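Same order as they appear, the protein sequences are chains A and B. Counting the first sequence from 1 gives a position; our numbering is that position plus 1015. Counting the second sequence from 1 gives a position; our numbering is that position plus 21. Virtual Cβ for every residue (Gly too), placed ideally from N, Cα, C. Values in this document were obtained by computation on a predicted structure and should not be read as measured data. Inspection log for the structure reproduced underneath, given as structure tokens.
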Amino acid sequence: MKKSPISTTSEWTFELIETYDREIGKIAEEYGLDTYRSQIEIISSEQMMDAYASVGMPLGYHHWSYGKQFLNIERSYSRGQMGLAYEIVINSNPSIAYLMEENTMAMQALVIAHACYGHNSFFKGNYLFTTWTDADSIIDYLLFAKNYLEGCEQRHGIDEVEAILDSCHALMNYGVDRYKRPHPISAAEERMRQAERSEYLQKQVNDLWRTIPKLNPAEATEESLRFPEEPQENLLYFIEKNAPLLEPWQREIVRIVRKIAQYFYPQRQTQVMNEGWACFWHYTLLNDLYDRGLVTEGFMLEFLEAHSSVIYQPPYDSPHYSGINPYTLGFKMMIDIRRICEKPTAEDRDWFPEIAGSNWLDTLKFAMGNFKDESFILQYLSPTVMRDMKLFCVRDDDREPNINVSAIHDDSGYQALREKLAGLYNLGNREPNIQVYSVDVRGDRSLTLQHLQHQRRPLAANACEEVLTHLHRLWGFDVHLNSLDDAKVTQHFQCPPAPENIPED
Amino acid sequence: MSYIVDRRLNAKNKSAVNRQRFLRRYRQHIKKAVGEALTHRSITDINKGEKIGIPTKDISEPTFHQGQGGSTDNILPGNKEFITGDSIPRPQGGGGGGAGEGNASDQGEGMDEFVFQITQEEFLEFMFEDLELPNLVKRQLKGSESFKTVRAGITNEGSPGRINIVRSLRAANARRIALTTGKRRKLKELENQKALLSEIDDTLKDKRKIEQIEADILQLRKAIKRVPWLDDFDLKYNLHVKVPTPSSKAVMFCVMDVSGSMNQATKDIAKRFFILLYLFLQRNYERTEVVFIRHHTSAKEVDEEEFFYSRETGGTIVSSALKLMNEIIDERFSPSEWNIYGAQASDGDNWNDDSSTCFEMLTQELVPKCQYFSYIEITPRNHQALWEEYEGVKAAFPDEFAMEQIVSSADIYPVFRELFQKKSA
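If you want it as structure tokens, here you go:
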């Protein structure tokens, strides 16, 4: 408490930001946070809106949907319906964090702790990010993508490119490998191999559709019984490799969208953990700053006010309720893990025998590194947090007249709550499970997809039809989709729509 | 530890292209909205931006997602009164509710319209798209009576008042360097030689040689000096040339019938039409003047307020207004300097005898002087004599004269577009 505070007013300067960053960095190092080097960029609110509209990517290709996003943000912002995010951080090396110039010094320090040390170390440490994304080359790849698409627009016209992008975006969530480990994106290689690849790919595709009959017809039918041999989960990949009519440049666009989807896939899977981790660290780091007498009470009040509004969870019946706040859930769980390690109760020893009383820092880092939201909740959601948040589970079954409360935060419910909540964060349950089932290679070349229902939940029909038109544009021939509940087809879509009754195949 | 970069001065319109793409894609929607806005707007704020609404379903980006039905489990926070096994009646309409996405990302869903703002510029752009004032090009070539002097570089000849000092001295300097370099080099050599020779001991000195060198040096110096410091052909002059400027002035005559048969609603429609024309001219000319002429049995030039809002009664003699317009043109707006546009609005009433006078006025005097003369008849009724006479004018001047009928205010914009449609070449 002998040290004097770094600053006493709320104004920030570049020197102050540097000093705060250095001090926060020191403490982070004591905790052993492993980060990429960060690049802090000060931007204005207009620039923040731009960054927001392009999903935080520092450079992206042009598409009307980003314009729509931008108009939406601009409108809500100018009407005061929405504050801008204090920060955006990009998973790259160096990791880029945007700070808004309007923020006060306390907010800037909060953002530095949150983004440059919290998110940053998460990007570097979590297994999903390290195996699925390549922080070193993402900026290069985005640049490659942008330039490539601009070239396409010049050669083939904006409308053509837009049409392909529309179709790809509709399938973007199905452009990821969920189970296969991907090759990291490398921009330099990408450029070098691009021309070669497109030529080669075209040849391969043509080979698949070769119409010259084989010498031995019996063998041929045997072989062509089934294509693809196994159902394929990555629709865009399948299109890129097998769609018969796409031009090489269109294939490349499919690939770009797919690669970008893959890059964002880990973020979609680790929202709770990522935000929880970042909140935990800004909370811990700034409190340490205060303990060392580096910041004033005024600073702390402002920080705590911002912090508590970020992690506020409105109850289910509040007009502000819009789902479980990932910041709240994540932060509470992280804090609770530390508590379990440091001051375990009997209940904790019962539920978490292996971490109760262990070194909290090691435990927390292990949790950060080796889980995604689903498994993290399944592993670490403690009864304390469930009681704290007063979680309860409702089951809405269309065969029942009423909605049922199936579990609440009590002894008999903890286990069920935890499983159900983890299930909600399983992308496989959240998004319909749709796979490429078969292609009629010898017939009308139609593509058949299969949807396996989760708890009998059907597909939303309108959206599904629209997506199929996009898929049809990419594939070039008829597209069918069967929705299955226990091997029984309950819904059938096709594009172009059948004139009369749909002939079952 | 970290790099800190100030990016505030970087371009902030990174999304401008994407925004343009959006406007481009939904062009049809926006045009429709602009057209509607125009008819509902009050006149004074016609020059503003506009809020555009597009049905959300038209701009949604579809993805596969789960529909209603089946069984869903949802976890909610903030339990107050429920215990396990409680049964709650299903809320009407709402249904299952999505999984805990917990982000603000689904903001705006459920709204019927996607609403956004376009700027005034964009609004006008959409409003005047595909429209073009007829004969604009012709007049720009023809009406070249006024000139503007513009700079056209540097020349070797000119009047002393136009001397460009910097260029002249630069040229002189270059000339001097070019003419004396060889001599200077020689001079230097000789001076070096002289220095070498004079260093030698007095007795051994070759005095004659030194003298010779000194004479040479003197001659060289003189030669160098003879090069003039400033010569005639060093002088450079600024060149100004006269360019004919297309006349950028326009005058618009608003002629309106204010006789008893015109009610306020009809006048309002006329007013909107005039405003559109005015805005349109404003965009095409540097300076646009407006002359308001109202008439019943006699015509009068008035200010805008009086033009639109004062009431008169009585019969109608259209030719009186046309006569006045002609007089004003002769007095103040010479057709060689001004682009003249006439816009006449009336309900079609006229004294029958007068219509033929109008025909003569227009064909012989007015239309030849005008760039364009448009007539709108605001009436749901059948046409009368005036319309028939005007049709004759139209036949005589198909390019300069246009006429349309307007029934309600919703017709204004289409009619306006019709009148000023880009004529394909």
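DSSP three-state label for residue 436 (chain B), please. helix
Can you give, in chain order, each stretch of the alpha helix (DSSP H) that sits fully within the region 295-334 of chain B and has at least 4 residues? 325-330
Can you name, in chain order, every residue of its own chain whose Cβ lies under 6 Å from the Cβ of residue 1510 (chain A), other than the five neighbours on each side? 1483, 1484, 1487 and 1494
N- and C-terminal bounds of the alpha helix (DSSP H) containing residue 110 (chain B): Unbroken run through residue 110 (chain B) is the beta strand (DSSP E), 108-110; no alpha helix (DSSP H).
For chain B, find out if any of its Cβ atoms is closer than 8 Å to the Cβ of residue 1137 (chain A); answer yes or no. no
Residue 1297 (chain A) vs residue 1513 (chain A) beta-carbon contact at 8 Å: no
Using the rule of at least 16 other Cβ atoms within 10 Å of the residue's Cβ for burial, across every protein chain shown, is residue 1507 (chain A) buried or exposed? exposed
Residue closest to residue 1410 (chain A), alpha-carbon to alpha-carbon, out of B:97, B:75, B:24 and B:264: B:97
Cα-Cα separation between residue 1075 (chain A) and residue 42 (chain B), rounded to whole angstroms: 14 Å
Which residues in the same chain as residue 122 (chain B) place their Cβ atom closer than 6 Å to its Cβ, once the five residues preceding and following it in sequence are excluded? Unreliable positioning characterises residue 122 (chain B) in this predicted model, as indicated by a pLDDT of 35, which lies under 50. A coordinate reading is not provided.
Neighbour list for residue 82 (chain B) in chain C, Cβ cutoff strictly below 8 Å: The displayed structure is made up of protein chains A and B, and chain C is not among them.
Which bits of chain A does residue 264 (chain B) rub up against, with CB to CB less than 8 Å? Ordered by position in chain A, no residue passes the 8 Å Cβ test against residue 264 (chain B), which lies about 36 Å from the chain.
If we cut at 8 Å on Cβ distances, does residue 1310 (chain A) have a partner in chain B? no
Compare the C-beta of residue 136 (chain B) against all C-beta atoms of chain A and say whether one is closer than 8 Å. yes
Quick one: any contact between the region 1319-1338 of chain A and the region 1242-1261 of chain A, if contact means 3 or more CB pairs under 8 Å? no
Any Cβ of chain A within less than 8 Å of the Cβ of residue 448 (chain B)? The shown model of chain B, from 22 to 446, leaves out residue 448 (chain B), and the question about it has no answer.
Thinking just about the alpha-carbon of each residue, which of A:1059, A:1160, A:1252 and A:1181 is nearest to the one in residue 1079 (chain A)? A:1181
Are the beta-carbon atoms belonging to residue 105 (chain B) and residue 1185 (chain A) less than 8 Å from one another? no
Does the region 347-367 of chain B come within contact of the region 271-290 of chain B, defined as at least 3 CB pairs closer than 8 Å? yes
What does residue 1331 (chain A) reach in chain B if we use C-beta pairs closer than 7 Å? 97, 98 and 99
Inspect the CB distances between the region 1281-1292 of chain A and the region 1155-1175 of chain A and report whether three or more fall short of 8 Å. no
Residues of chain B with a CB under 8 Å from the CB of residue 1029 (chain A): which are they? 25 and 27
Check each residue of the region 1448-1471 of chain A: if its Cβ is closer than 9 Å to any Cβ of chain B, include it; give the result in chain order. 1449, 1466, 1468, 1469, 1470 and 1471
Spatial neighbours of residue 418 (chain B) within its chain, please: CB distance less than 6 Å, with the 5 preceding and 5 following residues excluded, ordered by chain position. 388
Give a single yes or no on whether residue 1184 (chain A) has its beta carbon closer than 7 Å to a heavy atom of the ligand SAH. Absence of the ligand SAH from the depicted structure is noted, as is the absence of any ligand whatsoever, leaving it without description.
Does residue 103 (chain B) get closer than 8 Å to chain A when you measure Cβ to Cβ? yes
Out of curiosity, what's the CA-to-CA distance linking residue 1049 (chain A) and residue 1139 (chain A)? 7 Å
On the criterion of 16 or more Cβ atoms from any shown chain inside 10 Å, does residue 311 (chain B) qualify as buried, or is it exposed? buried
So for residue 1067 (chain A), helix, strand or coil by DSSP? helix
Judging by CA-CA distance, which residue of B:227, B:202 and B:257 is the nearest neighbour of residue 241 (chain B)? B:202
Taking the straight line between their C-alpha atoms, what separation do you get for residue 433 (chain B) and residue 440 (chain B)? 10 Å
Quick one: residues in its chain with C-beta nearer than 6 Å to the C-beta of residue 1408 (chain A), no 5 flanking neighbours on either side, listed in chain order? 1421, 1422, 1432 and 1435
Beta-bridge partners of residue 275 (chain B), as assigned by DSSP: B:313 and B:364
Under 8 Å Cβ to Cβ from residue 1089 (chain A), same chain only, skipping five residues before and after it: list those, please. 1064
8 Å Cβ cutoff, residue 1025 (chain A) in contact with chain B: no
How about residue 1438 (chain A): is its C-beta nearer than 8 Å to some C-beta of chain B? yes
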